[in-house]
Amino acid sequence: MHEAYDFKAVQDKWLPIWDKLAPFKSGKDDDKRPKKYVLDMFPYPSGDLHMGHAEAYALGDVIARYWIQKGFNVMHPIGWDAFGLPAENAAIKRDADPRAWTYENIDVQKASMRRYACSFDWDRTLHTCDPEYYKWNQWLFLKMFEKGLAYRKDSAVNWCPDCQTVLANEQVVAGLCERCDSAVTKKKLNQWYLKITDYADRLLDDMQQLEGKWPEKVLLMQRNWIGRSTGAQVDFEVDGSDQSITVYTTRPDTLYGATFMVLAADSELAAKLVAGSSVEAEFKKYVESVKAASDIDRLATDRVKSGVFLNSYAINPVNGEKIPIWASDYVLADYGTGAIMAVPAHDQRDLDFAKAMKLPVRVVIDTGLEDPNTSGVATDGDGKVINSGSISGLAKDEAISKIITELEGKKLGKATKNYRLRDWLISRQRFWGTPIPIIHCDSCGLVPVPESQLPVELPDAKGLDLKPKGTSPLGAASDWVNVACPKCNAPAKRDADTMDTFVDSSWYFLRYTSVNNHEKAFDKKSVETWLPVDQYVGGVTHAILHLLYSRFFTKVLNDMGLLNFNEPFTRLLNQGMVLMDGSAMSKSRGNLVKLSDELDKHGVDAIRVSMVFAAPPEDDIDWSDVSPAGSLKFLNRAWRISQDVSSKPGVDFKSGDIELRKAIHKSLSEIELAVESFRFNVVIARIMELVNATRKAIDSGCGPADPAVRESAETIAIALSLVAPYTAEDMWEKLGHKPAIANAGWPVIDKSLLGVDNVIAILQVNGKIKDRIEVSPNISKEELEKLAKENPEIKSAIAGLTVSKVITVAPKLVNFVV
Numbered sequence: 001m002h003e004a005y006d007f008k009a010v011q012d013k014w015l016p017i018w019d020k021l022a023p024f025k026s027g028k029d030d031d032k033r034p035k036k037y038v039l040d041m042f043p044y045p046s047g048d049l050h051m052g053h054a055e056a057y058a059l060g061d062v063i064a065r066y067w068i069q070k071g072f073n074v075m076h077p078i079g080w081d082a083f084g085l086p087a088e089n090a091a092i093k094r095d096a097d098p099r100a101w102t103y104e105n106i107d108v109q110k111a112s113m114r115r116y117a118c119s120f121d122w123d124r125t126l127h128t129c130d131p132e133y134y135k136w137n138q139w140l141f142l143k144m145f146e147k148g149l150a151y152r153k154d155s156a157v158n159w160c161p162d163c164q165t166v167l168a169n170e171q172v173v174a175g176l177c178e179r180c181d182s183a184v185t186k187k188k189l190n191q192w193y194l195k196i197t198d199y200a201d202r203l204l205d206d207m208q209q210l211e212g213k214w215p216e217k218v219l220l221m222q223r224n225w226i227g228r229s230t231g232a233q234v235d236f237e238v239d240g241s242d243q244s245i246t247v248y249t250t251r252p253d254t255l256y257g258a259t260f261m262v263l264a265a266d267s268e269l270a271a272k273l274v275a276g277s278s279v280e281a282e283f284k285k286y287v288e289s290v291k292a293a294s295d296i297d298r299l300a301t302d303r304v305k306s307g308v309f310l311n312s313y314a315i316n317p318v319n320g321e322k323i324p325i326w327a328s329d330y331v332l333a334d335y336g337t338g339a340i341m342a343v344p345a346h347d348q349r350d351l352d353f354a355k356a357m358k359l360p361v362r363v364v365i366d367t368g369l370e371d372p373n374t375s376g377v378a379t380d381g382d383g384k385v386i387n388s389g390s391i392s393g394l395a396k397d398e399a400i401s402k403i404i405t406e407l408e409g410k411k412l413g414k415a416t417k418n419y420r421l422r423d424w425l426i427s428r429q430r431f432w433g434t435p436i437p438i439i440h441c442d443s444c445g446l447v448p449v450p451e452s453q454l455p456v457e458l459p460d461a462k463g464l465d466l467k468p469k470g471t472s473p474l475g476a477a478s479d480w481v482n483v484a485c486p487k488c489n490a491p492a493k494r495d496a497d498t499m500d501t502f503v504d505s506s507w508y509f510l511r512y513t514s515v516n517n518h519e520k521a522f523d524k525k526s527v528e529t530w531l532p533v534d535q536y537v538g539g540v541t542h543a544i545l546h547l548l549y550s551r552f553f554t555k556v557l558n559d560m561g562l563l564n565f566n567e568p569f570t571r572l573l574n575q576g577m578v579l580m581d582g583s584a585m586s587k588s589r590g591n592l593v594k595l596s597d598e599l600d601k602h603g604v605d606a607i608r609v610s611m612v613f614a615a616p617p618e619d620d621i622d623w624s625d626v627s628p629a630g631s632l633k634f635l636n637r638a639w640r641i642s643q644d645v646s647s648k649p650g651v652d653f654k655s656g657d658i659e660l661r662k663a664i665h666k667s668l669s670e671i672e673l674a675v676e677s678f679r680f681n682v683v684i685a686r687i688m689e690l691v692n693a694t695r696k697a698i699d700s701g702c703g704p705a706d707p708a709v710r711e712s713a714e715t716i717a718i719a720l721s722l723v724a725p726y727t728a729e730d731m732w733e734k735l736g737h738k739p740a741i742a743n744a745g746w747p748v749i750d751k752s753l754l755g756v757d758n759v760i761a762i763l764q765v766n767g768k769i770k771d772r773i774e775v776s777p778n779i780s781k782e783e784l785e786k787l788a789k790e791n792p793e794i795k796s797a798i799a800g801l802t803v804s805k806v807i808t809v810a811p812k813l814v815n816f817v818v
């Protein structure tokens, strides 16, 4: 008689045993085994784990457990990204202390993670809100301050009126605050920045190291965000004054077509030019109306054009023509120089403005299309230069080169690069974050807090009004904010702002190597042992913010001699979202599925199997299409096989049924390939097939004593341990082995049982060989083409190109025609 499979009993049995065994404790730095650092993006402790966590941590767990089974010294840590607005806002709503609310949620999530059987090394945990952690945020800030990479300046910043704090450009999504969806406005403040623009070129150029290892869409998003372009910086003198206006243009070959200039209405230069003129009152009224519009609205192509003539003219440096200077909202003060030369014939927004203000339009590029004066459509393509003096008749590149040479000769311009990227604004006017370790002294200016006084700890929240009011609550903590200047001992004040929480997550992966080191942010030897991260797993929503900032921090620390690498994450896996009925889960939509309810109903392993089997990792999962009940039935069938084995552990597998052994080793080979190519749904499919093949062999007379039945049951258990650890551990015990199965070791594939030796497939682009890969002779056309598309050499060769055709002859050839 077989026992009944009771997932609750199995979970209750093994969890405390694993707690005692600690099977996932990573080895010491001097461990001789090859190392792997597998890292999941750490969670924010806002309530219990949700369905998105269930998917992300199941995927990371498959990778970590696989490399442990393969004999690697694996570090798989976990922590909590614990500072920030959600905790503070929740505490305000509940009239509670953000500390208490945060640590309570951490305890809840930690318990759920243990229940979910994640393979974390629980000796390597961290909370970014611990003073022992944020002390090193402050230390890193001071190091950047010493290097001139942390600085303060006055500027128009993104302001969320609901959160009552500033936002970095990256935290404004479609003109709205990423946290609360309020419309973001502009506000002039003196704030702290980190000089990420100094690293713009390296952030772009070093992406070559990540080609084929990171999702291409993530690399593209970062390239677009940094937005490097080449062109010219051109100086326009203001008629009748010693003032000049500098513009940046990627098309200096169109300079002869510039018929007016436009300054950002909210720029200092516009205000200076109009001061004392007859239109100053009209200008000021216009600027007030501009403040209400977001940058997204201002840049919209369908926005009605408006502006004010500034009663000033500029001199076009190539032809001496006087052109009017206007102020408008479609130019941004903090992009480029805050001024443009308007070439309406070849830029649609300039053309729309010219039509609205009845300004001249001059065609200087012959594109073969209808004249914009009659069509109303700007021609922004390439063609021969016309109506342009010495560069008339030239093609684009030649004309650009010649006009730049002429400008440089007149000392009125030069070749230059421009970037969309702006320096990272890190000041936040909120309580729950890392205090900025600077003291403001009337005599000495900005004074760093001495390292010996770190950390600058947050004061007790009791008695402070944490409600957002536009200034940091820390400013009202008089005992905390009022201090003596470290230089002159005069009365001074601490900086009352806190740091953007993305500072916390920009280096946390380094701290995991040295969580108990009280003398350093991280030990250099430990970091050199473990880093860079071999496999990073997390959502694509962090493609710009977190990943870009982490890369920046790594390069800064590399320059300081603290790291010997310049990219933090070797490989990146993004998971999709977990939806319900086609929409993101939320209480307001009434489609929220609680992970705890699903775990209670179906068990941990069934949920993990369902998450992994539902789709490839990068695809979204609609929970309404998933069948955890079906997964539970599959686990029951696999578990029962362990009770059908009557041979003893250690039996010679080679004497077993040859057909079943062929199925075992074919499955193993395909499971290995699937894990290493992130096709985790295929892993489940192959285990299912092996369960079926084993059941068929037993039922058809192979017999429970056959060594092949034991080999198959043990193989199923080990493979299943990657995804369903409770079931696998229970199977392993029933097969006569001691725990923990996580350290059992991956079975060695007997290639003689695979039937035919693998073959070499040639990968080509336009008929030129780019790589050769070993594949099964039975590989399908679809599988071979998928492998080819994921191949790093092919990805690199076709990046930025259009693939018109893929010629696949399985198993020998794939040729991409581009």
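All residue numbers for the sequence shown refer to UniProt numbering, where the first residue is 1 and numbers rise by one. The beta-carbon is built from N, C-alpha and C at its ideal position, and this holds for glycine as well.
- With 16 or more other Cβ atoms from the protein chains shown falling within 10 Å of its own Cβ, N169 counts as buried.
- A327 is positioned such that its CB atom lies no closer than 7 Å to that of L351.
- Here DSSP, grouped into helix, strand and coil, assigns L813 to strand.
- Taken through DSSP and simplified to helix, strand or coil, M731 comes out as helix.
- Annotation: the continuous alpha helix (DSSP H) that includes K20 extends over 7-21.
- DSSP places I78 in the strand class (E or B) of the three-state scheme.
- K812 and S677 have their C-alpha atoms some 20 Å from each other.
- If only complete runs of 4 or more residues are kept, the segment 196-237 shows the alpha helix (DSSP H) at 200-205, 216-226, in order along the chain.
- Note on geometry: alpha-carbon atoms of L359 and F260 lie some 8 Å from one another.
- With respect to the C-alpha of L557, the residue from A82, V318, W136, L49 having the closest C-alpha is W136.
- K305 is not a Cβ neighbour of Y313, given a cutoff of 7 Å.
- Annotation for K217: no residue places its beta carbon closer than 6 Å to its own, counting only its chain and skipping 5 residues before and after.
- The closest CA to that of S752, considering only A674, F236, K666, is found on K666.
- The beta carbons of E714 and L690 sit no closer together than 7 Å.
- Along the length of the segment 133-173, whole beta strand (DSSP E) runs at least 3 residues long occupy 150-160, 165-167, reported in chain order.
- With respect to the C-alpha of V157, the residue from C129, Y193, W122 having the closest C-alpha is Y193.
- Annotation for I749: no alpha helix (DSSP H) segment contains it, and DSSP assigns it neither H nor E.
- Take I762, set aside five residues on each side of it, and the residues of its chain with a beta-carbon closer than 7 Å to its own are I769, R772, K812, L813, in chain order.
- Beta-bridge pairing by DSSP links I762 to R772, L813.
- A distance below 6 Å between beta-carbons, with the five flanking residues on each side excluded, links A693 to the following residues of its chain, in chain order: A663.
- About 6 Å separates the beta carbons of A742 and R65, which is inside the 8 Å limit, making them a contact pair.
- If you draw a straight line from the Cα of W432 to the Cα of T498, it comes to about 8 Å.
- In the three-state DSSP reduction, G389 falls in the helix class (H, G or I).
- For Y536, there is no enclosing alpha helix (DSSP H); the residue is part of the beta strand (DSSP E) that begins and ends at 535-539.
- Residue R571 holds the alpha-carbon nearest to the alpha-carbon of P215 among V290, R571, V503, D380.
- Measuring C-alpha to C-alpha distances from S550 to each of D31, L203, W101 identifies L203 as the nearest.
- Taking W139 as the centre and dropping the five residues before and after it, the same chain places the C-beta of E451, L454, A521 closer than 7 Å to its C-beta, in chain order.
- CA-to-CA, the gap between L464 and F83 works out to about 17 Å.
- In the three-state reduction of the DSSP assignment, D559 falls in the helix class.
- In this structure the segment 206-213 touches the segment 795-813; the number of beta carbon pairs closer than 8 Å is three or more.
- I400 sits away from S392, with the two beta carbons spaced by 7 Å or more.
- The shortest CA-to-CA distance from A724 to any of W639, F653, N758, T185 is the one to W639.
- Beta-bridge annotation (DSSP): V38 is paired with Q535.
- Residue range 572-575 is occupied by the beta strand (DSSP E) that includes Q575.
- Residue environment: N766 is assigned as exposed (fewer than 16 neighbouring CB atoms within 10 Å of its CB, all protein chains considered).
- For W326, the three-state secondary structure derived from DSSP is strand.
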